[in-house]
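Enquirer: Would you mind keeping the following structure in view while I ask a few things?
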Amino acid sequence: MAWEAVADLDQLEEGDMMLVQLAGEPVCLVRLYEDEVAAVHNTCTHQQQPLNEGYLQEDDTLICPAHNSCFDLRTGEPKGVPAVAPIPVYACKIEDDAIWVDMDQQLNDAAIPHKPFH
1 MAWEAVADLD QLEEGDMMLV QLAGEPVCLV RLYEDEVAAV HNTCTHQQQP LNEGYLQEDD
61 TLICPAHNSC FDLRTGEPKG VPAVAPIPVY ACKIEDDAIW VDMDQQLNDA AIPHKPFH
């Protein structure tokens, strides 16, 4: 894949989240600070709920709206139960007032979570 512009920086205020699709996968962008955005897979590893509907804590922890699973946005690691598996974290940068993500540069070794078939 390589770097792909996914949004304009001014579309996200600090603390806000946005859902984008990349390579057929849902990616959650989180504006942490004026000059920093995180990109993670949008699916909670607990019960596959959309993380972009959650909220951000001051310590850069993303909270899932369904059951309050907490994830460190820098490592993808869960911070307590109910989630026990990490979420994928992708390379993300700001350049020319655009947010760029490279899904080929996954920053951890987390498996991509998928909804089970029923």
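Reminder that position 118 of the sequence shown reads as 118 in the UniProt record's numbering, one-by-one numbering, no gaps.
Built from N, CA and C at the ideal position, the CB exists for glycine as well.
At the level of alpha carbons, what is the spacing between TRP100 and PRO82?
Expert: 31 Å
Enquirer: Using the three-state DSSP reduction, which class does GLU25 fall into: helix, strand or coil?
Expert: strand
Enquirer: I need the straight-line Cα distance from TRP3 to ASP102, nearest angstrom please.
Expert: 4 Å
Enquirer: Looking at the strands, I want to know which residues DSSP matches up with ARG31.
Expert: VAL37
Enquirer: Less than 8 Å separating the beta-carbons of GLY76 and ASN108?
Expert: yes
Enquirer: To which residues of the same chain is THR61 closer than 8 Å at the C-beta, ignoring the five residues directly before and after it?
Expert: CYS70, PHE71, ASP72, LEU73, LYS79
Enquirer: Note down the Cα distance separating CYS64 from LEU9, rounded to an integer number of angstroms.
Expert: CYS64 and LEU9 have their C-alpha atoms roughly 23 Å apart.
Enquirer: Use the C-beta contact count for ASP54: other C-beta atoms within 10 angstroms, 16 or more gives buried, fewer gives exposed.
Expert: The residue asked about is misnamed: residue 54 is Gly in this sequence, not Asp. Buried: at least 16 other Cβ atoms inside 10 Å.
Enquirer: Give the range of the beta strand (DSSP E) segment to which THR61 is assigned.
Expert: Counting along the chain, THR61 sits inside the beta strand (DSSP E) bounded by residues 61–63.
Enquirer: Quick check on LEU56: does DSSP put it in helix, strand or coil?
Expert: strand
Enquirer: In whole angstroms, what separates the C-alpha of THR45 from that of VAL89?
Expert: In a straight line, the C-alpha of THR45 is about 13 Å away from that of VAL89.
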